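Have a look at the structure below before the remarks.
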Amino acid sequence: MKRLILVLLSLVLVFSLLLISCGKTEEEPPAPPEPEKEVEEVKKPTTRKGGWLDEIVVSVIEQTAVLAQLEADAIDIYTNGFGTNGLDELNKSGFDYTTSNGTYYTIQFNPAKFKTGYNPFSNRKIREAFNYLIDRNYINQEYYAGGALAKWFPIMTNFGDYADLVDVARRLEAEYAYDFDKAAEIIRGELANEGYELKDGKFVKGGKPLEVTFLIRNDGDGTRKL
Numbered sequence: 040m041k042r043l044i045l046v047l048l049s050l051v052l053v054f055s056l057l058l059i060s061c062g063k064t065e066e067e068p069p070a071p072p073e074p075e076k077e078v079e080e081v082k083k084p085t086t087r088k089g090g091w092l093d094e095i096v097v098s099v100i101e102q103t104a105v106l107a108q109l110e111a112d113a114i115d116i117y118t119n120g121f122g123t124n125g126l127d128e129l130n131k132s133g134f135d136y137t138t139s140n141g142t143y144y145t146i147q148f149n150p151a152k153f154k155t156g157y158n159p160f161s162n163r164k165i166r167e168a169f170n171y172l173i174d175r176n177y178i179n180q181e182y183y184a185g186g187a188l189a190k191w192f193p194i195m196t197n198f199g200d201y202a203d204l205v206d207v208a209r210r211l212e213a214e215y216a217y218d219f220d221k222a223a224e225i226i227r228g229e230l231a232n233e234g235y236e237l238k239d240g241k242f243v244k245g246g247k248p249l250e251v252t253f254l255i256r257n258d259g260d261g262t263r264k265l
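Take the sequence shown: its position 54, counted from the start at 1, is 93 in our numbering, and no numbers get skipped.
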């Protein structure tokens, strides 16, 4: 009898263990921590005055080296005038640029009569003949890549004064258009009246060639030297 009771108790114990084992479930993983909310820092208004750059380095660079310096990140900006003779290269570089009214180049004559020697530019007709002698369009295309404006008068070609007088200006521009042969005829005739002869490409009088002195400024974008 006791043995039977022990067997029954053993069966009950085994059965209880089986029930406990079947009733267990896998523990759920802990929930991930909630992300911390980022607190936006409120920027206080600055009291700083002046430029926003901590350092400005100013360099002196030849215009011929400007594009290479920009491409190499050696400089960030070029603020000097860029001659129109470099316009084609500038366009090919892809850099941004702005345009502005530049300077202008002229030939100015000294009309004074010298105490020693002869000044051909004291002759009004010779000075006038230089309007026919100078091929403004050739100079513009050859040295300024077509970026310049031809100029005949003291007033600027792209300013309002020119627009006010455009009918007169255009008539005079046509009248004094480039004509080398006409210029040569006038200059040779006027110098012949002064006793000069054209020999081997030089005007000569009394065995001495006519000498003319030019003063050429070397500032600007460098095209004066051309």
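Using N, Cα and C, we set each Cβ at its ideal position, and we do this for glycine too. Predicted, not measured: the structure shown is a model, and the values here were computed from it.
C-beta contact flag for residue i and residue j at 8 Å
i	j	result
Ala151	Ile226	no
Leu230	Phe242	yes
Trp191	Asn162	no
Leu129	Tyr117	no
Gly141	Gly125	no
Gly133	Gln102	no
Ala222	Leu172	yes
Tyr183	Ile194	no
Tyr157	Leu237	no
Burial state of residue i (16 or more Cβ within 10 Å)
i	result
Tyr177	exposed
Gly62	Low confidence applies to Gly62: its pLDDT is 49, below 50, so where it sits in the model is not reliable enough to give any reading.
Tyr143	exposed
Tyr235	buried
Simplified DSSP assignment, three categories, for residue i
i	result
Phe121	coil
Val243	strand
Pro248	strand
Lys106	Checking the sequence, you will find Leu at residue 106 rather than Lys. It is helical.
Lys164	helix
Glu236	strand
Asp200	helix
Asn257	coil
Leu230	helix
Asn179	helix
Pro150	coil
Asp135	coil
Beta-carbon proximity list for residue i, same chain, < 6 Å, skipping 5 on both sides
i	result
Tyr217	Asp174
Leu106	Ser132
Phe198	none
Residues near residue i by beta carbon distance below 7 Å, same chain, minus five either side
i	result
Gly185	Asn179
Thr86	none
Own chain residues within Cβ distance below 8 Å of residue i, not counting five before or after
i	result
Thr138	none
Lys164	Ile225 and Glu229
Cβ distance (whole Å) where residue i is taken to contact residue j below 8 Å
i	j	result
Ile100	Ile114	7 Å
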